[in-house]
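Taking it in order: structure first as structure tokens, then the write-up.
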Amino acid sequence: MTLAERIQQHWRTPTAVSLALTPFSLVYGLVTKIRKAAYISGVLKTHRFDIPVVVVGNLTVGGTGKTPFVITLAERLKIRGWRPGIVSRGYRGKVTEAEI
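For the sequence shown, the positions run -19 to 80 when the working numbering is used.
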């Protein structure tokens, strides 16, 4: 059995932990579907802006290259004549006012 096959088998084989967490994943999936339906039906409102908005983020907190990517993106947009603005909440940030 190759390493890739062993990893895939391990990934697909249920464990006690994965089985114990299954109810939580089902609840999370249900909440996600309800929230999506609320946006589609108009119960929850979306916000529209008159300018293009790009969001850079993922579920990983650090070390995935988001900051260097945003810096590079802003630099390239400036070269093309755009005036990018960057909003960063930061990880556990304590800033209380805007910094320009």
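By construction, the Cβ of each residue, glycine as well, lies at the ideal position given by its N, Cα and C atoms.
A quick note: this is a predicted structure, and the numbers were derived from the prediction, not measured.
Alpha-carbon to alpha-carbon, residue j and residue i
i	j	result
I(-13)	T2	21 Å
I66	I14	31 Å
H(-10)	T76	46 Å
V34	P48	15 Å
R69	E(-15)	41 Å
R63	T26	24 Å
G45	I31	25 Å
L53	F29	20 Å
T12	N38	17 Å
Assigned secondary structure, residue i (DSSP; H/G/I helix, E/B strand, else coil)
i	result
V11	helix
V36	coil
K16	helix
P3	helix
S68	coil
A(-4)	helix
Run of the alpha helix (DSSP H) containing residue i, from where it starts to where it stops
i	result
T52	K46 to I59
E(-15)	L(-17) to R(-8)
Cutoff 7 Å: residue i Cβ touching any chain B Cβ
i	result
D30	Of the protein chains in the structure, only one exists, and it is not chain B.
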